[in-house]
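Engineer: Structure incoming, see below.
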Amino acid sequence: MTSIPIGRMLRSSTAGFTFGCSVPEPEVPTFGTFVKAPAQRGQAEVIGLIYDIVIEDDPFVRQMVAAPNLSEAYIEDQRQNRQVPVEVSVLAVGYQNGAGLGGHAIRPYTYALPPQPPITLDHIHQCADDEVRAFTERFDYFRLVLDSRDAPADELLAASLRRAAAARPPEARAVFLLNAGKELARLLAMDVVRLENLLRRFRP
3 MTSIPIGRML
13 RSSTAGFTFG
23 CSVPEPEVPT
33 FGTFVKAPAQ
43 RGQAEVIGLI
53 YDIVIEDDPF
63 VRQMVAAPNL
73 SEAYIEDQRQ
83 NRQVPVEVSV
93 LAVGYQNGAG
103 LGGHAIRPYT
113 YALPPQPPIT
123 LDHIHQCADD
133 EVRAFTERFD
143 YFRLVLDSRD
153 APADELLAAS
163 LRRAAAARPP
173 EARAVFLLNA
183 GKELARLLAM
193 DVVRLENLLR
203 RFRP
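Heads up: the sequence shown at position 2 corresponds to 4 in the working numbering, and the numbers run straight through without jumps.
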């Protein structure tokens, strides 16, 4: 399965980035989705998790919301034919050197902040299921999410695990989530309340 382009970079840092897209899109980004962005002049890819989606307004929308008796057909026409701006914030959770380069071997993922951020206007892609499975073979990204001050960490981690489980064959999902729970129990051994609340969020 090929990855899906979903927007272009607006701004970035080593801790994460924000990209823009418009509605409607074939694949509107959703909370907890794994995405990737090129970095280091295409020599690497940053892997991240969507943690916030903001639909911006504009002067025309502000006028419309105050107008009385808007028909559903008119509203739908505006949604389909006007580019409603959307800003999507992403938490960086890893990177891969040599990714996507023709003729070059794909290197293992590094579960750390990237050495350089992505560049403005680069395409952002949603990770394909095989990429999600490969990245989540290890749980080393958990700590980056749990320690995040910008993202709703527990909700984001639970959403990412649900997506990672869904990317696997049905018979492998329960084992995957069980192993993820064991890793969380190790990381949060001193915070039982947080651990229990987090486990409830992604149990099948």
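Every residue gets a Cβ at the ideal spot worked out from N, C-alpha and C, and that includes glycine.
Quick caveat: nothing in here was measured; it's all calculated off a predicted structure.
Counting only runs of 3+ residues fully inside the segment 111-188, write out the beta strand (DSSP E) ranges in chain order.
Structural biologist: 125-128
Engineer: Could you round the C-beta distance between Ser-14 and Pro-120 to whole angstroms and report it? I think they count as a contact, below 8 Å.
Structural biologist: 5 Å
Engineer: Considering only DSSP beta bridges, list what Gly-50 is partnered with.
Structural biologist: According to DSSP, residue pairing for Gly-50 in a beta bridge involves Val-37 and Ala-94.
Engineer: Judging by CA-CA distance, which residue of Val-37, Gly-18 and Thr-16 is the nearest neighbour of His-125?
Structural biologist: Val-37
Engineer: Please classify Gly-105 as buried or exposed, where buried requires at least 16 neighbouring CB atoms within 10 angstroms.
Structural biologist: Its pLDDT being 42, under 50, Gly-105 is placed unreliably by the model, and nothing is read from it.
Engineer: Under the DSSP definition of a beta bridge, which residues are partnered with Ser-73?
Structural biologist: DSSP, once it has assigned bridges, lists no residue as partnering Ser-73.
Engineer: Decide if Ala-101 is buried, meaning its Cβ has at least 16 other Cβ atoms within 10 Å, or exposed.
Structural biologist: At Ala-101, the pLDDT of 47 sits below 50, so the modelled position is not reliable and the matter cannot be decided from this model.
Engineer: Ser-24 to Pro-87, Cα distance in whole Å?
Structural biologist: 5 Å
Engineer: For the alpha helix (DSSP H) containing Arg-196, list its first residue and its last residue.
Structural biologist: 194-204 is the extent of the alpha helix (DSSP H) around Arg-196.
Engineer: Below 6 Å CB to CB, which residues in the same chain sit around Thr-122 once its five sequence neighbours on both sides are set aside?
Structural biologist: Met-11
Engineer: Taking 7 Å as the cut-off, does the CB of Phe-33 come closer than this to any heavy atom belonging to the ligand GTP?
Structural biologist: As presented, the structure is devoid of all ligands, the ligand GTP included, so that no description of it is given.
Engineer: Taking DSSP as the reference, what is the three-state secondary structure of Glu-89?
Structural biologist: strand
Engineer: Only counting the same chain, and skipping five residues up and downstream in sequence, which positions put a Cβ closer than 6 Å to that of Tyr-113?
Structural biologist: Gly-96, Asp-142 and Tyr-143
Engineer: Measuring CB to CB, does Tyr-111 end up less than 8 Å from Ile-49?
Structural biologist: yes
Engineer: Roughly how many whole angstroms lie between the Cα atoms of Leu-72 and Glu-78?
Structural biologist: Approximately 10 Å, taken between the alpha carbons.
Engineer: Quick one: is Val-67 buried, meaning 16 or more other Cβ sit within 10 Å of its Cβ, or exposed?
Structural biologist: Exposed, because fewer than 16 other Cβ atoms sit within 10 Å of the Cβ of Val-67.
Engineer: Please determine, among Leu-186, Phe-33, Gly-18 and Ile-57, the residue with the shortest C-alpha to C-alpha distance to Pro-40.
Structural biologist: Gly-18
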